[in-house]
Amino acid sequence: MTTEARISPADQIASIQSAAEGWSPQSTLTWAFEMFGNRVAISSAFGAEGMVIIDIASRLRANFRLFTIDTEFLFPETYNLMDRIEGKYGIAIEKVYSVLSPEEQERTHGDALWSRDPDLCCNLRKVEPLRRKLGELDAWITSIRRDQTSVRSAAQRVEWDAKFGLIKINPIVDWTTKQVWRYIHDHDVPYNQLHNRDYPSIGCMHCTRAVRPGEDPRAGRWPGFAKTECGLHLIEPAPAARAASASQAE
């Protein structure tokens with residue numbers, strides 16, 4: 123009796139990556155919805171790119187899942203946009219929170235953790251809540267683009283996320299900022315009003331400022347720190363690669 127070899131999800135995704143690079147955002151989202159049904163969800167912080175994904179998805183499927191990591195430190199404009207999204211698209215945003223309230227975090231880690239250890243603050247309020255949420259899913263959809271940061275430059279349209287152990291889908295990974303805003307204006311898509319006040323990238327109130335003329339679009343995130351990512355999209359090697367690296371280091 124022969125045992126049929128089982129193909130891992132990572133290998134399955136690798137087999138279609140080349141073809142997926144030629145897909146449009148609409149084709150990518152259609153494939154995701156048909157392949158994973160209710161086990162795939164859009165993750166969004168409601169930046170300009172995220173709003174494009176939400177609008178495209180709304181034209182393909184009425185009942186798509188949308189979630190956000192609510193750090194409880196977001197701008198009032200961001201919360202206002204959430205209300206507008208739910209009203210315009212007729213969906214309920216699934217809000218995911220840290221296991222620690224802001225008050226519990228302060229008691230445990232001291233006042234203004236973000237000003238002393240922003241990596242730990244992001245891990246508590248963003249990364250771990252995301253890890254819990256992704257445990258419910260087979261795939262997640264993001265709005266990252268390759269030209270946003272060096273970390274994201276190697277992102278694929280469809281890829282295996284070794285950090286969280288599921289499939290990651292990036293429908294507009296190859297878009298430019300101009301394409302994003304052209305879509306928003308052409309389709310009358312709602313967006314965060316902070317974008318009109320020199321906030322090209324918007325996170326928590328404590329760690330985001332307006333960008334000055336000539337600065338990088340992400341210069342307003344974590345000012346004063348050599349940090350450009352909250353940790354959600356940091357790429358980690360697959361377990362086998364990590365084991366090999368550890369062995370070489372011994």
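In this text, residue positions in the sequence shown follow my numbering: the first is 123, and each later residue adds one. Ideal placement from N, C-alpha and C gives every residue a C-beta, glycine not left out. Given the structure is predicted, the values throughout are model-derived calculations rather than measurements.
| query | Is Asp283 buried or exposed, if buried means 16 or more other CB atoms sit within 10 Å of its CB? | reply | buried
| said: One question on the structure: do Phe195 and His328 come within less than 8 Å of each other, judged by their Cβ atoms? | reply: yes
| Any 3 or more C-beta pairs closer than 8 Å across the segment 280–299 and the segment 258–267 | yes
| Does at least one heavy atom of the ligand ADP sit under 7 Å from the Cβ of Asp233? | Absence of the ligand ADP is noted for the structure shown, with no ligands found whatsoever.
| Apart from the five residues on each side of it in sequence, which residues of its chain come closer than 7 Å, Cβ to Cβ, to Pro251? | Ile191, Val218, Tyr219, Ser220
| request: Have a look at Ser165, Asp177, Pro131, Phe155 and flag the residue whose alpha-carbon is nearest the alpha-carbon of Trp303. | output: Asp177
| said: Would Glu281 and Ile135 qualify as a contact pair, given that the criterion is a beta-carbon distance under 8 Å? | reply: yes
| field | With 16 other Cβ atoms within 10 Å as the buried cut-off, status of Gln148 | value | exposed
| What did DSSP end up calling Ala214 once you bin it into helix, strand or coil? | coil
| said: With three or more C-beta pairs closer than 8 Å as the rule, is the segment 241–255 touching the segment 139–146? | reply: no
| query | Which residues bound the alpha helix (DSSP H) around Asp133? | reply | 131–142
| field | Bounding residues of the alpha helix (DSSP H) (the contiguous stretch that carries Ser149) | value | 147–158
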